[in-house]
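Numbering (the working numbering), first residue to last: 2 to 92. Here the structure comes first, spelled out in structure tokens, and everything after it is commentary.
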Amino acid sequence: MHQHSPHTAPYSSSCDAMSKYPERCTAVGLRLNEDSTLELFTPYGLEDILNFQVRPTPHFLENEDRMELYQTRLSKKNCQEKWKNLIFKTS
């Protein structure tokens with residue numbers, strides 16, 4: 002997946018990859034451990050999800066090419082039209 006994100010080195014782990022997702026609110030992972038416990042990974046917390054906010058991750062904010070990809074992604078998904086209560090932020 003790092004090949005889809007401009008100027009990005011290969012990921013070292015699943016958690017590393019999720020921390021570089023385009024949107025903070027989509028950077029969420031849940032894993033079932035061997036002892037049947039659940040492990041939640043949220044590198045940016047749950048605040049954006051709980052507040053219906055969509056904003057880029059620091060990984061995308063730090064690079065102009067990635068931000069262009071981010072904007073194109075949001076436009077193609079037509080999120081604002083589908084989910085009227087979402088709040089879109091650029092930082």
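C-beta atoms are modelled at their ideal positions from N, C-alpha and C, and glycine is treated no differently.
{"Query": "Residues in its own chain within less than 6 Å of residue 25 by CB, not counting five upstream and five downstream?", "Result": "45, 49, 56, 58"}
{"Query": "Let me know the beta strand (DSSP E) ranges lying completely inside the region 9-35, each 3 residues or longer, listed in chain order.", "Result": "30-33"}
{"Query": "For my contact list, residue 60 and residue 21 are in at a C-beta cut-off of 8 Å; report their separation, rounded to the angstrom.", "Result": "4 Å"}
{"Query": "Let me know if residue 108 comes out buried or exposed under the rule of 16 or more other beta-carbons within 10 Å of its beta-carbon.", "Result": "Missing from the structure shown is residue 108; the chain here goes from 2 to 92 and no further."}
{"Query": "According to DSSP, what are the bridge partners of residue 54?", "Result": "88"}
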